[in-house]
């Protein structure tokens, strides 16, 4: 039998429900309480009106918000790329080619080594308030290595993405058409049972628009839903292809034409922005303000990977988005919670309303604004996932 818990004396509660509290997109309630029963939120409101429960937690005048929903990461890998990062910070530009270094290390690793790595980064993310995460394959690029990556990932999350189309495998570098045939054929057959999503890196040096369409269409036929790495390093067809195929998200969205922005505004595809990548590659920042002003749904995610964004910290990405991408603190927090949920087409996470999964982050601060106001400071004081306190 489940027990109920009330968290009282919350200075600021972020519900992400405009019908609650102040009527803003964050649905802020001051001097608030939230009641958890089992793995669900069953009540939110003013602290003085909270119903009786089995247990009580005093938030002591601190803020509570939904657990972060990190909708884009690459956590099944081995090795790191310290030397590449060092060289880039010393003047060399970023390209997609460094992925091959990680592919070699990942192929050489045992299942146990890959899973140990994955769980270490998941624990790191959890300590920083991430309660839902998506992760991809993409560092194996063989039938066996891609399918084992997804099997390992599926033991730790429901949000698993098949990314056989990360780059053309080094084994078939001279025959991209043969690799696309593998990704859409034997590899897809082996990987589809372990994944919910299919992704492709649509970019110069990776896969062009026609190849990306063929890969994502094949995935849809196998029951996988599309998401796309789009328009990161250059202008290209990725974003409009995402909208055309009803992809859940187009990720990166750094180089956008007006037509790209219009397509996103008129479709159901979320623009997932990944400021850790721009920070780590000294690249142009995505223009979040342009997207938000056009009415596009925006998510914020870490893109945690060993090459171009080796951070698992959503609070860090919130701070970057506010300082360098034109987002307000409220918008960045919404995008890292409800926005991430939208990018995964989830309604049970990213909000704190009755019926939602009880994923909560308690900050050692009176307001969610401190996530941007105090960058680099470990503000997460407690985390509940599915009703259990885990930090």
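In the numbering used here, the protein residues as written are 387 to 777.
A virtual CB, placed ideally from N, CA and C, is assigned to each residue, including glycine.
Spatial distance of residue i from residue j (CA atoms)
i           : j           : result
residue 460 : residue 661 : 15 Å
residue 717 : residue 478 : 33 Å
residue 736 : residue 596 : 34 Å
residue 760 : residue 437 : 34 Å
residue 575 : residue 765 : 44 Å
residue 674 : residue 659 : 8 Å
residue 645 : residue 407 : 37 Å
residue 422 : residue 435 : 15 Å
residue 544 : residue 511 : 16 Å
residue 696 : residue 594 : 26 Å
residue 432 : residue 399 : 10 Å
residue 773 : residue 738 : 12 Å
residue 469 : residue 734 : 41 Å
residue 640 : residue 711 : 10 Å
residue 424 : residue 741 : 11 Å
residue 778 : residue 420 : There is no way to answer for residue 778, as the model of the chain reaches only from 387 to 777.
residue 581 : residue 715 : 33 Å
residue 589 : residue 552 : 10 Å
residue 732 : residue 456 : 12 Å
residue 648 : residue 560 : 37 Å
residue 726 : residue 565 : 31 Å
residue 471 : residue 418 : 44 Å
residue 671 : residue 749 : 27 Å
residue 506 : residue 743 : 24 Å
residue 768 : residue 751 : 12 Å
residue 573 : residue 475 : 36 Å
Proximity of residue i and residue j at Cβ, strictly below 8 Å
i           : j           : result
residue 636 : residue 625 : yes
residue 453 : residue 746 : yes
residue 600 : residue 570 : yes
residue 729 : residue 656 : yes
residue 486 : residue 556 : yes
residue 619 : residue 665 : no
residue 492 : residue 531 : yes
residue 542 : residue 508 : yes
residue 441 : residue 405 : no
residue 692 : residue 439 : no
residue 415 : residue 430 : yes
residue 449 : residue 754 : yes
residue 654 : residue 681 : no
residue 677 : residue 631 : no
DSSP beta-bridge partners of residue i
i           : result
residue 587 : 615
residue 593 : 588
residue 415 : 399
residue 442 : 392
residue 548 : 584
residue 770 : 746 and 775
residue 448 : 396
residue 519 : 456
residue 472 : The partner list for residue 472 (beta bridge, DSSP) is empty, contrary to what the question assumes.
residue 421 : 392 and 429
residue 695 : 691
Residue i - containing alpha helix (DSSP H), residue span
i           : result
residue 575 : 572-577
residue 720 : 715-729
residue 459 : Counting along the chain, residue 459 falls outside any alpha helix (DSSP H), and DSSP gives it neither H nor E.
residue 503 : 497-513
residue 759 : 756-759
residue 625 : 624-630
The beta strand (DSSP E) enclosing residue i, as first and last residue numbers
i           : result
residue 426 : 426-432
residue 638 : 635-638
residue 656 : 656-659
residue 707 : Here residue 707 belongs to no beta strand (DSSP E); instead the alpha helix (DSSP H) covers 700-710.
residue 686 : 684-686
Residue-chain proximity (residue i, chain B), Cβ-Cβ < 8 Å
i           : result
residue 403 : Here there is only one protein chain, and chain B is not present.
### Message
Within 8 Å, do at least three Cβ pairs link the stretch 674-689 to the stretch 720-732?
### Response
yes
### Query
Three or more C-beta pairs closer than 8 Å, one from the stretch 508-525 and one from the stretch 548-560: is that the case here?
yes
### Task
Check whether the stretch 461-470 touches the stretch 534-543, taking contact to mean three or more Cβ pairs, one atom from each stretch, closer than 8 Å.
yes
### Message
Would the stretch 433-450 count as touching the stretch 395-408 if we require 3 or more Cβ pairs under 8 Å?
### Response
yes
### Query
With contact counted as at least three CB pairs below 8 Å, one residue from each stretch, are the stretch 609-626 and the stretch 575-587 in contact?
yes
### Query
Are there three or more Cβ pairs, one per stretch, closer than 8 Å when the stretch 692-705 is compared with the stretch 508-517?
yes
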